[in-house]
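Chemist: Here's a structure for you.
Protein chains: 2
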Amino acid sequence: MKPLKVRSGCPLSSVLDIIGDKWSLLIVRDILMNGKNTYNEFLRSKERIATNVLADRLSLLETTGILAREEHPESKAKIFYRLTDKGIDLLPVLVELILWSNTHLPIDEAARSYGEALKRNKEAMIRQLMAAARKQ
Amino acid sequence: MKPLKVRSGCPLSSVLDIIGDKWSLLIVRDILMNGKNTYNEFLRSKERIATNVLADRLSLLETTGILAREEHPESKAKIFYRLTDKGIDLLPVLVELILWSNTHLPIDEAARSYGEALKRNKEAMIRQLMAAARKQ
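Chains as they are written, first to last, in this note's numbering: chain A, 1042 to 1177; chain B, 1042 to 1177.
Written as structure tokens, this is what we have:
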């Protein structure tokens, strides 16, 4: 893996050095919101991430302390990816991105009604999702 | 410019199709938070964006309705880039990214104290920055 290039001391720039791409936050989404925790589960998400991109992103997210690798409770052949507290703390970012999409982009009807619920109960839903992620 | 590829109906995936890269949100930051509005001003930011990347990102942000191009009030030779309401609505995303960095990454001291202020007065500072951006 290429070493992480830090472009400036700006906090926005620094977080984008880590998760500023089209895929990393989808892996965080899959763990936080879709109950996925393994390589094959991430691979089956509907955006169809390529295997080399997935491996690269998992490695970067682990190196930067957002993901932790553990032995899968059901199979020694699988790795179980868990979000660290640092990773779980990305949830408010995900929520604001989803709310922006809900207002400004054409999206699925099911997604839209989830977004509406999220808008009405933002703080409570963030707390609930974070608590669930900490129990994984 | 390549046409925008939409990977799924997921709202998170859809917004990342537009701003899921290391540079787009830095341009939004420069307009919203640093009072920059021209190609040369963006180019001079400390992350040192490459000219071809900047041109590509400006074009994508304009096509997707986040930026609007206008004649510069002081020079006909320059383009003035203004955020649309859709662009200004990205501010809460920027704020959550900055707050995450403030907690989890090594960043400039000046940036850190700005982040602490942002944490204490989040809603008020978002309102203030949005109002200022609408007046541009």
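Glycine included, C-beta positions come from ideal geometry on N, C-alpha and C.
This structure is a prediction, so every number in the text was calculated from the model and none was measured.
1. Thinking ASN1143 (chain B) and ARG1153 (chain B) are a contact (beta carbons under 8 angstroms), I'd like their distance in whole angstroms, please.
2. According to the neighbour-count rule (16 or more other Cβ atoms, all chains shown, within 10 Å of its Cβ), is ASP1126 (chain A) buried or exposed?
3. Run through the stretch 1114 to 1163 of chain B for me and flag every whole alpha helix (DSSP H) of 4 or more residues, listed as ranges in chain order.
4. Which one or two residues does DSSP pair with ALA1109 (chain A) in a beta bridge?
5. Taking a cut of 7 angstroms between CB atoms, which residues from the stretch 1135 to 1147 of chain A lie near chain B?
6. Excluding five sequence neighbours on each side, which residues of the same chain lie with their C-beta closer than 6 angstroms to the C-beta of ALA1109 (chain A)?
7. If you pair each beta-carbon of the stretch 1061 to 1071 of chain B with each one of the stretch 1059 to 1067 of chain A, do three or more pairs fall below 8 angstroms?
8. Give a yes or no on whether the C-beta atoms belonging to GLU1082 (chain B) and ARG1048 (chain A) are separated by under 7 angstroms.
9. Can you look up ASN1078 (chain B) in the DSSP assignment and give me helix, strand or coil?
10. Checking contacts by CB at 7 angstroms: is ARG1110 (chain B) closer than that to chain A?
11. With distances taken Cα to Cα, identify the nearest neighbour of LYS1160 (chain B) among B:ALA1174, B:MET1171, B:LEU1138.
12. Can you confirm whether GLU1088 (chain B), when its beta carbon is compared against all beta carbons of chain A, has any partner nearer than 7 angstroms?
13. Please list, in chain order, the chain B residues whose beta carbon lies closer than 7 angstroms to that of PRO1133 (chain A).
14. Is LEU1132 (chain B) closer than 7 angstroms to ILE1167 (chain B) when the C-beta atoms are compared?
15. Quick check on DSSP: helix, strand or coil for SER1086 (chain B)?
16. I want to see whether chain B comes within less than 7 angstroms of ASP1071 (chain A), judged by CB atoms only; does it?
17. Can you name the residues of chain B whose CB is closer than 7 angstroms to the CB of ARG1048 (chain A)?
18. Is there a Cβ from chain C that is less than 7 angstroms from the Cβ of ASP1149 (chain A)?
19. Counting only beta-carbon separations shorter than 7 angstroms, does ASP1062 (chain A) have a partner in chain B?
20. Using a beta-carbon distance below 7 angstroms, is ASP1130 (chain B) in contact with chain A?
21. Using the rule of at least 16 other Cβ atoms within 10 Å of the residue's Cβ for burial, across every protein chain shown, is VAL1094 (chain A) buried or exposed?
22. Reducing DSSP to helix, strand and coil, say where ALA1165 (chain B) ends up.
23. How would you label GLY1076 (chain A), buried or exposed, when you count the other beta carbons within 10 angstroms and need 16 or more for buried?
24. Would you call ARG1070 (chain A) buried or exposed, if buried means 16 or more other Cβ atoms sit within 10 Å of its Cβ?
Modeler: The short version:
1. So it is a contact: roughly 6 angstroms between Cβ atoms.
2. So ASP1126 (chain A) counts as exposed.
3. Fully enclosed alpha helix (DSSP H) runs of no fewer than 4 residues occupy 1126 to 1129, 1132 to 1145, 1150 to 1161 of the stretch 1114 to 1163 of chain B, in order along the chain.
4. DSSP output for ALA1109 (chain A) lists A:ARG1123 as bridge partner(s).
5. Listed by position along the chain: LEU1135, GLU1137, LEU1138, ILE1139, TRP1141, SER1142, ASN1143, THR1144, HIS1145, LEU1146.
6. For ALA1109 (chain A), where only same-chain residues beyond five positions count, the Cβ hits under 6 angstroms are ARG1123, THR1125.
7. Yes, the stretch 1061 to 1071 of chain B is in contact with the stretch 1059 to 1067 of chain A.
8. The answer is no: Cβ separation not under 7 angstroms.
9. Coil.
10. It does not: the Cβ of ARG1110 (chain B) has no partner Cβ on chain A nearer than 7 angstroms.
11. Closest option to LYS1160 (chain B), judged by alpha-carbon separation, among B:ALA1174, B:MET1171, B:LEU1138: B:LEU1138.
12. Among the residues facing chain A, GLU1088 (chain B) is included, as its CB has a counterpart in that chain under 7 angstroms away.
13. Listed by position along chain B, the residues whose Cβ is nearer than 7 angstroms to that of PRO1133 (chain A) are GLU1137.
14. Taking a C-beta distance under 7 angstroms as the contact criterion, ILE1167 (chain B) and LEU1132 (chain B) qualify as a contact pair.
15. Reduced to three states, the DSSP call for SER1086 (chain B) is coil.
16. Chain B contact via Cβ: absent.
17. Near ARG1048 (chain A) (Cβ distances below 7 angstroms), the residues of chain B are GLU1088.
18. The structure shown has no chain C; the protein chains it does contain are A and B.
19. With 7 angstroms as the cut-off, ASP1062 (chain A) counts as an interface residue toward chain B.
20. It does; some Cβ of chain A falls within 7 angstroms.
21. Exposed, by the Cβ-count rule.
22. Three-state DSSP puts ALA1165 (chain B) in a helix.
23. Exposed.
24. So ARG1070 (chain A) counts as buried.
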